[in-house]
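When you read off a place in the sequence shown, starting at 1, and then add 9, the result is the number in this note's numbering. Structure, as structure tokens:
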Amino acid sequence: LIQIEKVIAYASRQLKIHEKNYTTHDLKLGVVVFALKMWRHYLYGTRKERSRPLRVRTLVIKMGLNLPKKILEAQTEALKPKNLSAEMLEACSEKTSQRKKIPEWKWEKITMDFITKLPKTTNGYDTIWVIIDRLTKSAHFLPMRENDPIEKLMKLYMKELVTRHGVPVSIISNRDGRFTSLFWQALHKALGTRLDMSTAYHPETDGQSERTIRTLEDMLRVSVIDFGKSWDRHQPLVEFSYNNSYHTSIKAAPFEVLYGRKCRSPVCWAEVGYAQLTGPEIIHETTKKIVQIKIKIQAARDRQKSYADLKRKPMDF
Numbered sequence: 010l011i012q013i014e015k016v017i018a019y020a021s022r023q024l025k026i027h028e029k030n031y032t033t034h035d036l037k038l039g040v041v042v043f044a045l046k047m048w049r050h051y052l053y054g055t056r057k058e059r060s061r062p063l064r065v066r067t068l069v070i071k072m073g074l075n076l077p078k079k080i081l082e083a084q085t086e087a088l089k090p091k092n093l094s095a096e097m098l099e100a101c102s103e104k105t106s107q108r109k110k111i112p113e114w115k116w117e118k119i120t121m122d123f124i125t126k127l128p129k130t131t132n133g134y135d136t137i138w139v140i141i142d143r144l145t146k147s148a149h150f151l152p153m154r155e156n157d158p159i160e161k162l163m164k165l166y167m168k169e170l171v172t173r174h175g176v177p178v179s180i181i182s183n184r185d186g187r188f189t190s191l192f193w194q195a196l197h198k199a200l201g202t203r204l205d206m207s208t209a210y211h212p213e214t215d216g217q218s219e220r221t222i223r224t225l226e227d228m229l230r231v232s233v234i235d236f237g238k239s240w241d242r243h244q245p246l247v248e249f250s251y252n253n254s255y256h257t258s259i260k261a262a263p264f265e266v267l268y269g270r271k272c273r274s275p276v277c278w279a280e281v282g283y284a285q286l287t288g289p290e291i292i293h294e295t296t297k298k299i300v301q302i303k304i305k306i307q308a309a310r311d312r313q314k315s316y317a318d319l320k321r322k323p324m325d326f
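Here it is, written out as structure tokens:
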């Protein structure tokens with residue numbers, strides 16, 4: 010799927026047995042039907058063009074050949090200082106400030122996304138629901154099944170998020186079918202939460218949260234590979250490790266920003282030079298896994314930084 014000449018989504022599937030006997034023409038039509046079924050919601054509300062007679066269309070083309078040039082000249086003239094009104098400048102200033110508005114309180118504005126197609130665990134989990142606070146960058150990683158009904162997701166949302174942090178003011182999410190369902194929208198309307206559906210060019214999408222989700226997806230997929238079919242049992246350790254790792258954008262760990270103090274844990278004691286605990290084996294094992302996860306988090310962030318540096322061009326002033 011392409012938007013403004015850039016790819017925003019991919020989709021594919023294997024041919025069924027009977028489809029292998031189709032002609033090329035029928036296969037191409039099948040691709041069109043497949044795309045319309047998957048992305049038909051993008052067509053809602055669009056205008057339908059009515060075909061005009063050939064003579065009328067030819068006349069419109071002849072008259073409109075110079076139209077792009079006229080539009081460009083009008084736009085250039087409108088942007089000259091003498092033609093800019095005070096009201097227009099004030100409106101532009103207000104729009105800019107709205108886009109950069111920072112949340113006023115913790116877990117007031119959040120971002121959420123799904124990481125799917127993971128190896129299925131013994132409990133049947135194959136998806137991670139990632140929920141991030143846009144202010145503190147703290148996050149929750151909730152194991153679930155990709156085919157879980159929206160009612161089950163809502164119970165998980167109330168249990169893991171609302172009972173801990175209260176009802177958020179706004180939620181930024183992609184256009185996943187679960188987030189666009191009438192049940193999800195009606196419930197959040199009743200709770201007083203604003204839903205912002207993000208696309209690749211949504212003006213209110215928080216860039217830092219988007220980068221955080223990409224880093225988390227990279228890190229979580231690596232952790233899932235390491236832990237195999239038991240990754241859901243280690244998910245609390247992954248969440249703990251992320252929330253206690255230094256975050257560049259907030260100059261601290263999310264846990265410290267959220268609670269106003271550093272987290273006290275065996276890992277912290279070892280880092281500051283205290284004697285390592287000699288107690289139960291589970292503490293040693295947990296500490297070892299947390300250290301491994303923190304290394305993977307840093308590696309994922311380094312990879313994302315290297316990708317960004319490749320696209321960034323040095324500017325001379």
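Idealized CB from N, CA, C, for every residue including glycine.
Inclusion of T136 and T125 in the CB contact set at 7 Å is warranted, their separation being smaller than that value. With contacts defined as CB atoms closer than 7 Å, H174 and W114 fail to qualify as a contacting pair.
Secondary structure note for I141: its beta strand (DSSP E) is the uninterrupted segment T136 to D142. If you ignore the 5 residues before and after D185, its C-beta comes within less than 7 Å of the C-beta of F123, all in its own chain and listed in chain order. S21 counts as exposed, since fewer than 16 other C-beta atoms from the protein chains shown sit within 10 angstroms of its C-beta. The DSSP assignment places 179 to 182 as complete runs of the beta strand (DSSP E) inside the segment 153 to 190, in order along the chain (cut-off: 3 residues).
Across the set H149, L200 and A18, the C-alpha of H149 shows the shortest separation from the C-alpha of Y251. In the three-state scheme derived from DSSP, where H, G and I count as helix and E and B as strand, A18 is classed as coil.
Note on S258: under 16 other CB atoms within 10 angstroms of its CB, so exposed under the neighbour-count rule. When the alpha-carbon of Y268 is set against those of E226, I17 and K146, the nearest one is in K146. A straight line joining the alpha-carbon of Q194 with that of G201 spans about 10 Å.
Nearest C-alpha to F192 among V178, P158 and D205: P158.
Here D122 carries a strand assignment [DSSP, helix/strand/coil]. DSSP places L36 outside any beta strand (DSSP E); the residue lies instead in the alpha helix (DSSP H), whose first and last residues are T33 to W48. In the structure shown, D227 adopts helical secondary structure according to DSSP, grouped into three states. In this model, F43 and Y134 are separated by some 27 Å (Cα to Cα). Membership of L267 in any beta strand (DSSP E) is not indicated; the residue belongs instead to the alpha helix (DSSP H) covering P263 to Y268. Here A148 is bridged, per DSSP, to I141. Boundaries of the alpha helix (DSSP H) around L246: Q244 to N252. Straight-line measurement puts the Cα of R187 at about 34 Å from the Cα of Y31. CA-to-CA, the gap between E155 and K161 works out to about 11 Å. Excluding five sequence positions before and after Y255, the CB atoms of its chain that fall closer than 6 Å to its own CB belong to A262, given in chain order.
One alpha carbon belongs to V233, the other to M153, and they sit about 14 Å apart. Exposure of R49 is indicated by the presence of fewer than 16 other C-beta atoms within 10 angstroms of its C-beta. As DSSP reads the structure, H256 sits in a beta bridge with A261. In this structure, L165 keeps its C-beta atom at 7 Å or more from the C-beta atom of L144. Residue state for L204 is assigned as strand, using DSSP reduced to three classes. Taking 8 Å as the upper bound for CB-CB distance, T130 and D235 are not in contact here, some 14 Å apart. Beyond the five residues adjoining it in sequence on each side, P177 comes within less than 7 Å, by CB distance, of W116, E117, K118, I119 and T202 in the same chain, given in chain order.
For P128 and H243, the gap between their C-alpha atoms comes out near 14 Å.
The three-state reading of DSSP puts I222 in helix, counting H, G and I together.
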